[in-house]
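Numbered per the working numbering, the sequence shown spans residues 24 to 283. Backbone N, C-alpha and C fix where the C-beta goes; we use that ideal spot for every residue, glycine too. None of these values were measured; they are calculated from a predicted model. Step one of this worksheet: look at the structure below.
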Amino acid sequence: MNNKLKKVAGLCALALAVSAGVPARAQTSEVKEKPPMYTYVGNWAIPRAQWADMEKQAAGNQKNIMEKAIADGTIVAYGADLNLIHQSDGATHDSWWSSMSMAGLLNVLDQSYKSGNATSPVLASATKHWDELFVSRYYNWHAGSWKDVYTRVATYKLKPDAPDDAVDTLSKNLFVPLLEKLLADGSIHEYEIDTEAIHTEAPGTFAVVIIAANAAGLDKFNAAVRDSVKSSPLAGPALGAMVDFAPHRDYLARTNATYK
């Protein structure tokens, strides 16, 4: 068998191994790539004395800009997060919004700049700030608004020799079927598989994002992942064949979010 055929055969075996970790009922409908959804995230390290002011800033921004943008279809979602697991060099807060076009995303960013939000006293107090822009082609949500729910983000790095469609393979055969089940039973309100649209990190990084309905939803998510791995001893090695787990990191936040 030549090298090209070996590679094709290996990818087929890998896809089958990953799909073996998904319950049979979850595999009955084919997972398809969706139109790109873009998400802008502004991350801030805010001194603790200004946290109450940051909450007021987020609420005012939502009322003045985000509610109008979601009503007219410019964006499909927005929210703000309070980081619950603090790192010495990490963010304490972030704000974000999602759109089905880059133009919609940047239109809201432009409005935010022109409104003076970016130069408000509380944001000027930040000791660190950075932005990220993501794109997702695998996502779903419940429409509505939620306060004090939980966002969990798991970031992963693909191995250098992972196939070009590794994120697609993992999303279609492992992540999406599992997350759709949790969405259907109400354990989570939203999920998305993100990659960077503007690379501020090395290519090959992706993130699995969920918004859990409550703390019990986080437990259900963790249990579902454990059950999936236990149900198929092939799923773990298949994932390990594509993903370098050394750079893996998690993020947990308390979230206020609205989805159209």
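Check	Outcome
Helix, strand or coil at ALA103 according to DSSP, with G and I counted as helix	strand
Any 3 or more C-beta pairs closer than 8 angstroms across the segment 190 to 206 and the segment 140 to 148	no
ASN130 versus ALA166: straight-line alpha-carbon distance, rounded	22 angstroms
Span of the beta strand (DSSP E), counted from its first residue to its last, around GLU155	151 to 164
Local conformation of LEU241 per DSSP, three classes	helix
Alpha helix (DSSP H) runs contained entirely in the segment 159 to 214, provided each spans 4 or more residues	189 to 193, 199 to 207
Alpha carbon of ILE234 to alpha carbon of ALA246, nearest angstrom	16 angstroms
C-beta contact flag for ASP133 and GLY65 at 7 angstroms	no
Endpoints, the beta strand (DSSP E) within which VAL145 is located	Segment 144 to 147 is the alpha helix (DSSP H) holding VAL145; no beta strand (DSSP E) there.
Beta-bridge pairing of GLU219 - partner residues as DSSP gives them	PHE157
Bridge-paired residues (DSSP) for VAL131	According to DSSP, VAL131 bridges with nothing at all.
Alpha carbon of ALA103 to alpha carbon of TYR63, nearest angstrom	12 angstroms
Element boundaries [alpha helix (DSSP H), containing ILE234]	From DSSP, ILE234 is part of no alpha helix (DSSP H) but of the beta strand (DSSP E) over 228 to 235.
THR281 - partner residues in DSSP beta bridges	TYR101, SER168
Cβ-based neighbour list, ALA47, same chain, cut-off 7 angstroms, excluding 5 preceding and 5 following	Because ALA47 sits at a pLDDT of 42, beneath the cut-off of 50, its placement in the model cannot be relied upon, and the following sentence gives the value as read from the coordinates. Same-chain partners within the cutoff: there are none.
Three-state class that DSSP yields for ASP95 in the structure shown	coil
Stretch pair the segment 154 to 163 + the segment 264 to 281: three plus CB contacts closer than 8 angstroms	no
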